[in-house]
Every structure is written in C-alpha cells, then in structure tokens.
Amino acid sequence: MAREDIPISTGVDGLVKLVRDRGKIELREAAIELGISQGVIEEWAKVLEKEGIVKIDYMLTKVYLTIPSGEKSEVERKARDITEMQVTMSREVESEVKRLERFGRELDEMRDEFIGVSKLFEDKMAAIRQKVRELDTIEKKHEELCYRGRCTNEKFVQDTEALKKRIEESEKKLEKLQKDIDELEKACPQKL
C-alpha cells in the first residue's frame, strides 16, 4: 500500500470518531478511552465545537460531548474536510522533508568540496611557506655577501690608498735620490 493511501489519524480524529460512534459520551469517559487528560480533551472539544463538529453539554456534575442535532451530515463533511486537510498537510510536510534531505545532501557535498579545497589550499600554503623560508635564507646569505663585499672593498680602498701614499713617498725619495745623484755628478763629474 502506498504511503499516500494510509489514512492519517490524530487524537482529535479519535475523539471525533468516538463521539460519532457513541452519539453521546461523558468527557471523563472519553479521556479514559483515548488515554489523554481531561483538560486536553476539553480543549479539543472547544475547538471542535467552534467548528460545529461536536457539541459540549454541561450538566450539573458532568460534561458530555455529542454530535450537534440535525447537523450530522455537516459534521461528517467538516470531519472529511479536516481529514483531507491533514492528508494535504502530510503530503506537503513529506515533500518539504524530501526537499530538506536533498538540501542536506547538497550541503554535505559542498562541505566535502570545501574540505578538498581547504586541504589543497593548506598544501599550497605549506609549499609557499617553505619557499618563503628558502628566500629568507637566500636573502640572509645575500646580505652577508654584500656586507663582506663592502668590507673587502673598503679594505681594498684603504690598502690602495696606503699603497698610493707609499708609492708617492717612494717617488719622492727616488726624486730626492735622483737630485742627489745629479748634484753628485755635477760636483764630481769625472769620478763617476
């Protein structure tokens, strides 16, 4: 039997059927038979009375539920309408549940895709972090080499300046020696 063919029954349906079958029933007795508190049965009966489905008769010490006289077909029609509304609502609820289940599966798929993308992103970020560490190491080596180069260049410049001064001093000494030699040759031209 298909699910749509199963009649849906509620406590209210049970109460309406009980009153219809008996014609008249005491509220306390209906509560006992349905296994529902008298307060709940009375609340349901008030709603059903507003709809014209049952009638509440308050006696001196007892409360009775009856089918309104002369309106039995109207009561049955309203009961059918309520049953049809319950079936319609049940189908709508079932349809909504199926839609929510599809939505849940879609969310699960999206979560799985997100996890995959997140894992890929984490892997890429780990590789990028490694490259950044390698670049940091290369940059430190570059800075160290630049520092050494500057130091070596400064020492070379200092050594060159010192050598230049020594050469200038040696040239001055050489010039002085040359002058001394020239003067000696002038002073003693034959001896040399």
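Here my numbering is used: the first residue of the sequence shown is 65, the next is one more, and so on. C-beta atoms are modelled at their ideal positions from N, C-alpha and C, and glycine is treated no differently.
Query raised in the report: Does the beta-carbon of ALA143 have 16 or more other beta-carbons within 10 angstroms, so that it is buried, or is it exposed?
Result: Indexing the sequence shown from 1 puts residue 143 at position 79. ALA143 comes out buried.
Query raised in the report: Which residues in the same chain as ARG84 place their Cβ atom closer than 7 Å to its Cβ, once the five residues preceding and following it in sequence are excluded?
Result: Translated into positions along the sequence shown, residue 84 becomes position 20. Answer for ARG84: ILE131, listed in chain order.
Query raised in the report: Anyone know if the C-beta pair for LEU124 and ALA109 falls short of 7 Å?
Result: By one-based count along the sequence shown, residue 124 stands at place 60. By one-based count along the sequence shown, residue 109 stands at place 45. No, the Cβ-Cβ distance between LEU124 and ALA109 is not below 7 Å.
Query raised in the report: Can you list, in chain order, the stretches of the beta strand (DSSP E) that have 3 or more residues and sit fully within the region 119 to 200?
Result: If we require 3 residues or more, the beta strand (DSSP E) runs fully inside the region 119 to 200 come out as 119 to 122 and 127 to 130.
Report task. Closer than 7 Å by C-beta to MET117: which residues in its own chain qualify, once you throw out the five before and the five after it? Chain order, please. Result -> Numbered from its first residue, the sequence shown carries residue 117 at position 53. A quick correction: the sequence has Ile, not Met, at residue 117. Around ILE117: VAL80, VAL139, LYS142 and ALA143.
Query raised in the report: Where does ILE35 land, buried or exposed, given buried means 16+ other C-beta within 10 angstroms?
Result: A question about residue 35 goes unanswered here, because the residues of the chain that appear run from 65 up to 256.
Query raised in the report: What three-state label does DSSP hand GLU208 in the structure shown?
Result: Locating residue 208 in the sequence shown gives position 144, where the first residue counts as 1. Looking at GLU208 - three-state DSSP - the assignment turns out to be helix.
Query raised in the report: So, GLN102 versus ARG92, is the Cβ gap smaller than 7 Å?
Result: Within the sequence shown, the letter at position 38 stands for residue 102. Within the sequence shown, the letter at position 28 stands for residue 92. Their beta carbons are under 7 Å apart, which means GLN102 touches ARG92 by this criterion.
Query raised in the report: Going by DSSP, what residues sit across from GLU90 in a beta bridge?
Result: By one-based count along the sequence shown, residue 90 stands at place 26. Beta-bridge pairing links GLU90 to TYR128.
Query raised in the report: By a C-beta neighbour count over all protein chains shown, 10 Å radius and 16 as the cutoff for buried, is VAL76 buried or exposed?
Result: Translated into positions along the sequence shown, residue 76 becomes position 12. Counting Cβ neighbours within 10 Å, VAL76 comes out buried, since at least 16 surround it.
Report task. With a cut-off of 8 Å on the beta carbons, I'd call VAL127 and GLU97 a contact; round off their distance for me. Result -> For the purposes of this step, residue 127 is taken as the residue at position 63 of the sequence shown. For the purposes of this step, residue 97 is taken as the residue at position 33 of the sequence shown. Incorrect: roughly 15 Å between the Cβ atoms, too far for contact.
Query - Where the alpha helix (DSSP H) containing GLU113 begins and where it ends - result: Reading the sequence shown from its first residue, position 49 is the one you call residue 113. GLU113 -> alpha helix (DSSP H) spans 102 to 114.
Report task. Under 8 Å Cβ to Cβ from ILE215, same chain only, skipping five residues before and after it: list those, please. Result -> Counted from its first residue, the sequence shown places residue 215 at position 151. Correcting the residue type first, residue 215 is Cys in the shown sequence and not Ile. If the five residues before and after CYS215 are omitted, its C-beta is found closer than 8 Å to no C-beta atom of its own chain.
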